[in-house]
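Here is the structure we will look at.
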Amino acid sequence: MKFPTFSKGIHPSDHKEFTNTKSIEFMPLPNEVFIPVQQHIGAPDEPIVDRKDEVKTGQVIGRSDKYVSSPVHSPVTGKVKKINNFLHPMGSKVKMIQIQRTGEDDWELLKHPEDWESASIDDLRQLVWDAGIVGLGGAAFPTHVKLAPPEEKPIDSFILNGCECEPYLTSDHRAMVEMTDKILTGMSIIMKVLGVENGYIGIEDNKPDAVEAMNERVQNLNLDFKVMALETKYPQGAEKMLIMSVLDRKVPTGGLPMDVGTVVNNVGTAMAVAEAVTEGKPLVQRVVTITGDGISEPKNVLARIGTPLQSLVDFAGGLSEETAQVFMGGPMMGMALHDLSVPVIKASSGIICSTESRVKKMQSYPCIQCGACVDACPMNLVSTRLAKFSENKQIDAMEDYGIDSCVECGSCAFVCPSYIPLVQWIRVGKYRVNESRNKQAA
Amino acid sequence: MDVTALLISMGSMGGLGAMFSAGLSIANKKLHVDEDPRIEQVKNALPGANCGGCGFPGCAKFAGEVVLDDVEISDCTVATQSEIDEIAEIMGVEVEAAERKIARVMCQGGTYETAVKADYAGIESCLAANLMSGGDKLCEYGCLGFGECVDACQFGAMYMDDNGLPVVIEDKCNGCGNCVGACPRNVIEMHPESDKLFVLCKNFDDPKTSRQLCTKACIGCQICVRAVEDGQMYMEDNLAYVNYDQYGKEAKLPTDRCPTECLVVLDGNEEAAEPTAIQEKAA
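For the record, the sequence lines run as chains A and B. Everything in the first sequence is counted per the numbering used here, starting at 3 for the first residue and increasing by one. Everything in the second sequence is counted per the numbering used here, starting at 63 for the first residue and increasing by one.
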């Protein structure tokens, strides 16, 4: 059977066999957590607690007045130990709030409606904002902004993103199998806020059990959602690709999904929305896959935000001796880490521990003009040209070749037979283009 | 062959040629733009390096700005005193030469001094490494060591030493500042030639951290600040600064009291005394 899909893209081995049958386990509460004050795209939060303050689980500890921002909450009950710069998974030091746990959870819940179906849309949206919910697929864009599309852009469809196209990761997959009802509730809430009728659930066909579970619950609950199995292809879960696969709509260059009347949210986000609205729990935990051949017991865990990765690794039996590299996120778009003291953040979907045999050190060779990157690019860009322009600092040429459209999925670098670090060059190019734009604007 | 055909074509082509040349010569007269002859003169007197250090795209543009827009001649950091005098004469003005500026690399954290966090296997470019979780050194503020500043220098005044740090050959530095713009971490600063005393560190981390990161980091011990008179040096964010308005013109401070050797007197003659193989190649 042929499944709907987008054009181009790549087929990496998915390696989901490590964890795709393992149920989500609850991680014991960490003794110490580190909460970065910025875990979202937008304005950074300011800490509103001080050293030695007592905090409850779910208490707001950082917020900003800006609209495009999201508050952070304490994931444990304890005492603020320090507010200082600590190492962040992205490699630099950022301001974090260190909290020492003093006991079991003592929840400070958000004020939530008894029955969300009769609650007002504005209240629900405000609740999503107060709960600190951001896109849990990896981009961490504040969800309440997504749920408030401007009036001139009517939304007619909502897509729940259950693709999880990154190899190794299974956190969304397991959530769809085990927490199906919660996800569907979250989806219904989001659709109520958006006022849309058409709901789609896009799942890659390498997760037949998730498709089945979703289909079954959708029928049992009498919901009018369409569960769609999509071809297993990277980057199926990229917003623009997913819209193409599910609705056959093309998001214009430089546009957003709302330009084609669509909003896409990750299953993890829907789950967080359901928890916030039905239980009043802010976003303080998420499902994290800890996997790879370098970890003793690969598993899916429900961990508190701010848990140091070392505790997670210990919980999963520790690293094996041959472990050579640890990533946060997927292997295609994730970041390599050099220190396991970094915390789980809202955007961490997985931790991948690889042994020497899987980590390749590749020397790059000159471009042979084979066009493999062009065939792989889902955004129809010419990556090799962009990389060359970036190397030569040709700002205008980069703009002409549409560098802004690049979603940095890494497909081009994956297929490049000369091992050229195309994505890194494009990132450098994007930085240069922005720099020159800022200079012109100034 | 028919001679008339030859004559006709000669005549017609000749006529067309005469017509167009007449047109061109009229256009040349009619559309002539009077350009200040001084622009050409100033341009010829400038060094012609087109380095962009003055802030304009090239020497020709700068010459135009000098003549028409009253831009200071001394904005050209590359021109020698005799060249500046020549331009001043053309312009009929008195020019006081600005003090010569020299690029200073404010970091001593080379391969031997700094702690490394991981292997970096990406693009060998400072900017690329800085965007990719900050390269392989643990210090977030120091030199990345890929030599983008050396590539940016048009005057061959910089080279990378064996320790992976850029070195400025003071005699050759023209103070254009291209290296400053090339450094993604702002490690290079332009300083007047008379500044001799420097705190060669950019690390704002607390003393404990910075000591772990680099053997030549400023650890904020304040020994130097206490050793000088009030206001000559000061401490901010765990980093010592020289207050050049009050101090630093003549270096008398016992720099040997700095425990991490990051308070340094740079006097320019050391590099010139022992040129290394790389330096000779750059020359």
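All C-beta atoms in this analysis are idealised placements derived from N, C-alpha and C, irrespective of residue type, glycine included.
message = In whole angstroms, give me the CA-to-CA distance for Gly184/B and Val425/A.
response = By 1-based counting over the second sequence, the position of residue 184/B is 122. By 1-based counting over the first sequence, the position of residue 425/A is 423. Taking the straight line from one Cα to the other gives about 10 Å.
request  = From the DSSP output, in three-state form, read off Ile422/A for me.
outcome  = To locate residue 422/A, count along the first sequence from 1; it is residue 420. Looking at Ile422/A - three-state DSSP - the assignment turns out to be coil, as it is neither helix nor strand.
Same chain, Cβ closer than 6 Å to Val376/A, neighbours up to 5 away in sequence not counted = The residue labelled residue 376/A in the question sits at position 374 within the first sequence. Within its own chain, the residues whose Cβ lies closer than 6 Å to the Cβ of Val376/A, once the five positions on either side in sequence are excluded, are Val384, listed in chain order.
query = When the Cα atoms are used, what is the spatial distance from Asp267/B to Arg306/A?
reply = Residue numbering aside, residue 267/B sits at position 205 when the second sequence is read from its first letter. Residue numbering aside, residue 306/A sits at position 304 when the first sequence is read from its first letter. Going by the C-alpha atoms only, they are around 29 Å apart.
message = Considering just the uninterrupted stretch of the alpha helix (DSSP H) at Ile146/B, what are its terminal residues?
response = One-based indexing of the second sequence puts residue 146/B at position 84. Per DSSP, Ile146/B belongs to the alpha helix (DSSP H) from Gln143 to Met153.
query = Quick one: Cα of Glu134/B to Cα of Val128/B, how far?
reply = Residue mapping note: residue 134/B aligns to position 72 of the second sequence, counting from 1. Residue mapping note: residue 128/B aligns to position 66 of the second sequence, counting from 1. Between the alpha carbons of Glu134/B and Val128/B lies a gap of roughly 6 Å.
request  = Tell me Ala231/A's beta-bridge partners as DSSP assigns them.
outcome  = Numbered from its first residue, the first sequence carries residue 231/A at position 229. Paired residues: Ile205/A.
inquiry  = Below 9 Å on C-beta distance, what does Arg387/A contact in chain B?
reply    = The sequence position of residue 387/A within the first sequence is 385, counting from 1. Within chain B, no residue comes near Arg387/A; the closest Cβ sits about 17 Å away, beyond 9 Å.
key: the region 64-80 of chain A in contact with the region 156-174 of chain A per 3-pair CB rule at 8 Å   = Of all C-beta pairs linking the region 64-80 of chain A to the region 156-174 of chain A, fewer than three are shorter than 8 Å, placing the two stretches out of contact.
task = Please determine if the region 44-60 of chain A and the region 221-237 of chain A are in contact, where contact requires at least 3 C-beta pairs separated by less than 8 Å.
result = Short answer: they don't touch.
request  = Pull up the CB-CB distance for Val279/A and Leu111/A, whole angstroms please, since I reckon it's below 8 Å.
outcome  = On the first sequence, residue 279/A is found 277 positions in, with the first residue counted as 1. On the first sequence, residue 111/A is found 109 positions in, with the first residue counted as 1. Not really, about 12 Å apart at Cβ, beyond 8 Å.
inquiry  = With the cut-off set at 7 Å, would you say Val287/B and Lys264/B are in Cβ contact?
reply    = The count along the second sequence starts at 1 and reaches residue 287/B at position 225. The count along the second sequence starts at 1 and reaches residue 264/B at position 202. Not in contact: Val287/B and Lys264/B (Cβ atoms no closer than 7 Å).
query = Helix, strand or coil: how does DSSP classify Ala326/A here?
reply = On the first sequence, position 324 is the one that residue 326/A refers to. Ala326/A falls in the strand class under three-state DSSP.
request  = Counting only the same chain and skipping the five closest in sequence on each side, list residues whose C-beta sits under 6 Å from that of Thr338/B.
outcome  = In the second sequence, counting from the first residue as 1, residue 338/B sits at position 276. Note that Thr338/B has pLDDT 43, beneath the 50 cutoff, so the model's placement of it is unreliable and the number below is only indicative. The answer is none, since no qualifying residue turns up.
key: Simplified DSSP assignment, three categories, for Pro169/A   = If you number the first sequence from 1, residue 169/A lands on position 167. In the structure shown, Pro169/A sits in coil (DSSP, three-state: anything other than H, G, I, E or B).
request  = Taking Met330/A as the query, report the chain B residues whose CB atoms sit under 8 Å from its CB, ordered along the chain.
outcome  = As a working mapping, residue 330/A is identified with position 328 in the first sequence. Simply none; closest approach about 11 Å.
key: chain B within 7 Å of His17/A, Cβ atoms only   = Looking up residue 17/A in the first sequence gives position 15. False, the Cβ-Cβ gap to chain B never drops below 7 Å.
ask   = On the premise that Val39/A lies in contact with Val74/A, defined as a C-beta separation below 8 Å, what is that separation, rounded to the nearest angstrom?
value = Here residue 74/A refers to the residue found at position 72 of the first sequence. Here residue 39/A refers to the residue found at position 37 of the first sequence. So it is a contact: roughly 6 Å between Cβ atoms.
ask   = CB Val261/B to CB Leu325/B, shorter than 7 Å?
value = On the second sequence, residue 261/B is found 199 positions in, with the first residue counted as 1. On the second sequence, residue 325/B is found 263 positions in, with the first residue counted as 1. In this structure, Leu325/B lies closer than 7 Å to Val261/B by Cβ.
ask   = chain B beta carbons: is any one of them nearer than 7 Å to that of Arg429/A?
value = Residue numbering aside, residue 429/A sits at position 427 when the first sequence is read from its first letter. Interface flag for Arg429/A against chain B is set, since a Cβ pair is found closer than 7 Å.
query = In or out: Cys238/B buried (at least 16 other Cβ within 10 Å) or exposed?
reply = In the second sequence, the residue the question calls residue 238/B occupies position 176. Flag for Cys238/B reads buried.
Span separating the alpha-carbon of Gly196/B from that of Gly93/A = As a first step, residue 196/B must be located in the second sequence, where it is residue number 134. As a first step, residue 93/A must be located in the first sequence, where it is residue number 91. Approximately 7 Å between the Cα atoms of the pair.
query = Which same chain residues, not among the five before or five after Ser343/A, have their C-beta less than 7 Å away from its C-beta?
reply = To locate residue 343/A, count along the first sequence from 1; it is residue 341. Setting aside the 5 residues that flank it on each side, Ser343/A is surrounded in the same chain by Leu89, Pro310 and Gln312, each with a C-beta closer than 7 Å to its C-beta; the list follows chain order.
task = Determine, using beta carbons only, whether Lys58/A comes closer than 7 Å to chain B.
result = Position 56 of the first sequence, counting from 1, holds the residue named residue 58/A. Using beta-carbon distances, Lys58/A does not count as an interface residue toward chain B, since no partner is under 7 Å.
task = Can you pull the chain A residues whose beta carbon is under 8 Å from the beta carbon of Gly115/B, in chain order?
result = Residue 115/B sits at position 53 when you count from the first residue of the second sequence. Residues of chain A passing the Cβ test: none, with the nearest at roughly 17 Å.
Residues of its chain near Gly294/A, where Cβ-Cβ distance is below 6 Å and the 5 sequence neighbours each way are ignored = Numbered from its first residue, the first sequence carries residue 294/A at position 292. Cβ within range, chain order: Ile354, Cys355 and Ser356.
ask   = Where DSSP assigns a beta bridge to Leu162/A, which residues make up the other side?
value = On the first sequence, position 160 is the one that residue 162/A refers to. Beta-bridge analysis with DSSP links Leu162/A to Ile203/A and Asn267/A.
key: C-alpha gap between Ile88/B and Gly79/B, whole angstroms   = The count along the second sequence starts at 1 and reaches residue 88/B at position 26. The count along the second sequence starts at 1 and reaches residue 79/B at position 17. The C-alpha of Gly79/B is placed about 14 Å away from the C-alpha of Ile88/B.
query = Are the C-beta atoms of Gly184/B and some chain A residue less than 7 Å apart?
reply = The residue given as residue 184/B occupies position 122 in the second sequence. Yes - at least one Cβ of chain A is within 7 Å of the one on Gly184/B.
task = Using DSSP bridges, identify the partner residues of Leu109/A.
result = Against the first sequence, residue 109/A aligns to sequence position 107. Inspection of the sequence shows that residue 109/A is occupied by Trp rather than by Leu. Residue pairing for Trp109/A: DSSP places it in a beta bridge opposite Thr59/A.
query = So, is Ala344/B buried or exposed, given that buried needs 16 or more other C-beta atoms within 10 angstroms?
reply = Sequence index remark: in the second sequence, residue 344/B carries index 282 (1-based). The pLDDT assigned to Ala344/B is 43, lower than 50, so where the model puts this residue is not dependable; a value taken from the coordinates is nonetheless given after this. Taking all protein chains shown into account, Ala344/B has 16 or more neighbouring C-beta atoms within 10 Å of its C-beta and is therefore buried.
ask   = Shortest alpha-carbon distance to Pro368/A belongs to which of Leu249/A, Tyr421/A and Asn87/A?
value = Walking along the first sequence from the start, residue 368/A turns up at place 366. Among Leu249/A, Tyr421/A and Asn87/A, the Cα nearest to that of Pro368/A belongs to Tyr421/A.
query = What runs of the beta strand (DSSP E), each 3 residues or longer, lie entirely inside the region 260-303 of chain B?
reply = Qualifying beta strand (DSSP E) stretches, in chain order: 295-298.
ask   = Would you call the region 54-63 of chain A and the region 333-340 of chain A in contact, with 3 or more CB pairs under 8 Å?
value = Segments in contact, no.
query = From Glu202/B to Leu227/B, what does the alpha carbon distance come to, in whole angstroms?
reply = Numbered from its first residue, the second sequence carries residue 202/B at position 140. Numbered from its first residue, the second sequence carries residue 227/B at position 165. Their backbone Cα atoms lie some 16 Å apart in a straight line.
request  = Under 9 Å between beta-carbons, which chain A residues line up against Ser272/B? List them in chain order, please.
outcome  = Counting from one through the second sequence, the residue named residue 272/B turns up at place 210. Residues of chain A passing the Cβ test: none, with the nearest at roughly 12 Å.
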